[in-house]
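Peer 1: Residues in the sequence shown are numbered consecutively from 1, following UniProt numbering.
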Amino acid sequence: RDFEEYAEPEILRTPIEGVVLQLKSMDLQHVVNFPFPTPPDRASLAKAEKLLTYLGAIDQAGKITATGRELSAYPLTPRFSRMLLIGQAHNVTAYAIALVATLAVPDIFIPENHPDLATPVHSEDHIQTASDNIEATAREKRRKDYNTAHATLSRWDRSSDALKLLTALCAYAYASDTEVFCSSMFLRSKALKEASQLREQLSAIVRTHKPGSLGSYVAQLAQPSSTELKVLKQIVAAGFIDQIAIRADLSPSPPSLARKPKRAIDVPYLTLSPSHIGPYSPDEKEAELQRFVYLHPSSVLARTAPPNLPRYVVFSHLQRASPAVASSAATRVRMHALTPVSGLQLAALAAGTPLLEYGKPIGKIETLERLDGAERRECWVVPALVGEKGKAGWPLPAKRVVQRRKGGGEWSVERVIG
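1. With 16 as the cutoff for other CB atoms within 10 Å, does Q403 come out buried or exposed?
2. Counting C-beta neighbours from all protein chains within 10 Å, is the total for Q88 16 or more, i.e. buried, or is it exposed?
3. What does the alpha-carbon distance come out to for the pair H90 and T208?
4. Less than 9 Å separating the beta-carbons of V31 and L51?
5. Can you give me the C-alpha to C-alpha distance between A162 and T339, rounded to a whole angstrom?
6. So what does C379 bridge to, in DSSP terms?
7. Mind checking who T77 pairs with in its DSSP beta bridge?
8. Just the Cα atoms here: how many angstroms apart are F240 and K406?
9. S412 bridges to which residues according to DSSP?
10. Excluding sequence positions up to five away, which residues of its chain have a Cβ less than 6 Å from the Cβ of F186?
11. Alpha carbon to alpha carbon, what distance is there between S316 and A326?
12. Which residues mark the beginning and the end of the alpha helix (DSSP H) in which K233 is found?
13. Could you tell me the distance, in whole angstroms, from the CA atom of G363 to the CA atom of C379?
14. At what residues does the beta strand (DSSP E) containing V313 begin and finish?
15. How long is the line joining the alpha carbons of L385 and R247, rounded to whole angstroms?
16. What is the DSSP secondary structure of L344, reduced to helix, strand or coil?
17. My assumption, with CB atoms under 8 Å, is that F80 sits in contact with V100. Please give the rounded CB distance.
18. Pop quiz: R291 and Y280 are said to be a contact at Cβ under 8 Å. What is the actual Cβ separation, rounded to whole angstroms?
19. What do you get for T331, buried or exposed, if any count of 16 or more other CB atoms within 10 angstroms of its CB means buried?
20. CA-CA distance, S160 and K360?
21. Under 8 Å: do the region 65-81 and the region 216-225 share three or more Cβ pairs, one atom per stretch?
22. Going by beta carbon distance, what residues of the same chain come within less than 6 Å of H296, once the five residues before and after it are set aside?
23. Please go through the same chain and pick out, in chain order, the residues whose beta-carbon is closer than 7 Å to the beta-carbon of S154, but skip the five residues on each side of it.
24. Going by Cα to Cα distance, which pick from K230, G409, V267 and E288 is closest to Q345?
25. Inspect the beta-carbon positions of P37 and I16 and report whether they are closer than 9 Å.
26. For the alpha helix (DSSP H) holding L368, just list the boundary residues, first then last.
27. State the Cα-Cα distance for the pair D249 and S256, rounded to the nearest angstrom.
28. Quick check: what's the CA-CA separation for D27 versus I64?
29. Assuming contact is defined by CB atoms lying nearer than 9 Å, are A48 and L71 in contact in what I supplied?
30. Helix, strand or coil for A172, going by three-state DSSP, please let me know.
31. Output yes or no for whether 9 Å exceeds the beta carbon distance between residue 435 and T102.
32. Under DSSP, the beta strand (DSSP E) around E357 begins and ends at which residues?
33. What's the C-alpha gap between P35 and T353?
34. Helix, strand or coil: how does DSSP classify P252 here?
35. Given N113, which residues of its chain have a CB within under 8 Å of its CB, disregarding the five upstream and five downstream residues?
36. If you follow the alpha helix (DSSP H) that I97 is in, where does it begin and where does it stop?
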């Protein structure tokens, strides 16, 4: 049968955070009470609201913010809308639109395990023939061409998969023959055509909402400056601020590993929110696979020497590797990396969200003049990135802040000085 007998309802196929944001924009405070024809489960709704607070779209009380209203104006997931908004604020609107367009369209790159590139598996009694040798030589050349193409597409930044996608789209716009270009660079022509069309559509929408933020549409973008590339990487991190992983050996409680990883794809990372639900297996090796995530082999970071891998990585999604045939053993969870990010950048990007908590003052405390009757002070504190309330977070570089004492006696950060 070619089609499912009953298609999954649209509400269950659409990213639920987008639906929740649209309902919030209609001033529906309690989304869980909305009469959905096919109601999403409560856990999904709660998770969506949590993400919207991380993106600054709703406040702690669940009410839509001014930022949230701006995000709801775009026909995108809130993550991508947030990226567009930050791009406008930092004068890289055209690049942010192109970046979002490539991230929104799946499967732009032809994978390395594609039949034209992968070595075929033969039976034990297979006899190698002359045609097999010719095909093996041709396949080896294709693999070399594949590696050269991907190295070329990574030239703007050797550590960011998101910028590699942006490079591919920008290069596609300059190609005189897009089909030949895609074939030679191992890219999916249909996907890039779709991303190009989406980029043009988003440009028109942005011009409508923010007329001064973008000029007339230009198909061919110039190479971004080094400063613009740094900004774009932070924009990606802002859109996926909750999807962060820390290198396990650089985490607050480094694990003791059975063996030292020799390849980047064997280096364990820990996600901010647990990647495994439920108790860990009593088997030590299986528990290790449940606890950690690993770089996907397609990442630009996969060829990095393990000691040089970044401490923090932003990822788009996790994927469990397929188990071997007739095997019940646990397999690794791979993360599709987007870009590395620093601790200082995380502290800035997560500021004002439930993901960032501040510790008690360290060192000297300077008492400041009261404001509206409230006590104020200036001090150094250590912020921490926290995925779950009550759980230990990841300490980030210390910040100098101005704090104000609230009614209940607690101190809150009024502003960050440096």
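A virtual CB, placed ideally from N, CA and C, is assigned to each residue, including glycine.
Peer 2: Working from what's here:
1. Taking all protein chains in view, the Cβ of Q403 is crowded by 16 or more other Cβ atoms within 10 Å, so the residue is classified as buried.
2. Answer is buried; the Cβ neighbour count reaches 16.
3. The alpha-carbon separation between H90 and T208 amounts to approximately 18 Å.
4. No, the Cβ-Cβ distance between V31 and L51 is not below 9 Å.
5. In this structure, the alpha-carbon of A162 lies about 6 Å from that of T339.
6. Looking at the DSSP assignment, C379 forms a beta bridge with V401.
7. None, per the DSSP bridge assignment.
8. C-alpha separation (whole angstroms): 31 Å.
9. In DSSP, S412 forms a bridge with R404.
10. The answer, listed in chain order, is I110, Y146 and A149.
11. Bear in mind that a pLDDT of 48 at A326, under 50, signals an unreliable position, so the number given afterwards is only what the model happens to contain. Going by the C-alpha atoms only, they are around 30 Å apart.
12. Element bounds for K233: S226 to G239.
13. Approximately 7 Å between the Cα atoms of the pair.
14. Looking at the DSSP string, the run of the beta strand (DSSP E) that includes V313 is Y312 to R320.
15. Straight-line Cα distance between these residues: approximately 14 Å.
16. Collapsing the DSSP output to three states places L344 in a helix.
17. With 8 Å as the limit, F80 and V100 qualify as a contact, their Cβ atoms being about 5 Å apart.
18. R291 to Y280, Cβ: 6 Å. Contact.
19. Counting Cβ neighbours within 10 Å, T331 comes out exposed, since fewer than 16 surround it.
20. Approximately 35 Å, taken between the alpha carbons.
21. Contact fails: fewer than three Cβ-Cβ distances are below 8 Å.
22. Answer for H296: R334 and H336, listed in chain order.
23. In its chain, beyond the 5 residues on either side, K164 and V300 have a beta carbon closer than 7 Å to the beta carbon of S154.
24. Nearest to Q345 by C-alpha distance, out of K230, G409, V267 and E288, is K230.
25. Going by C-beta atoms, P37 is not nearer than 9 Å to I16.
26. For L368, there is no enclosing alpha helix (DSSP H); the residue is found in the beta strand (DSSP E) stretching over I362 to L371.
27. Here the alpha carbon of D249 sits roughly 8 Å from the alpha carbon of S256.
28. Their Cα atoms are separated by approximately 7 Å.
29. Taking 9 Å as the Cβ cut-off, A48 and L71 do not qualify as a contacting pair.
30. According to the sequence shown, residue 172 is Tyr rather than Ala. In this structure, Y172 counts as helix in the three-state DSSP scheme.
31. The chain is shown from 1 up to 418; residue 435 falls before or after that span and cannot be answered.
32. Counting along the chain, the beta strand (DSSP E) containing E357 begins and ends at L356 to Y358.
33. Here the alpha carbon of P35 sits roughly 29 Å from the alpha carbon of T353.
34. Note: P252 maps to coil in three-state DSSP.
35. Answer for N113: no residue qualifies.
36. Unbroken alpha helix (DSSP H) run through I97: T93 to A104.
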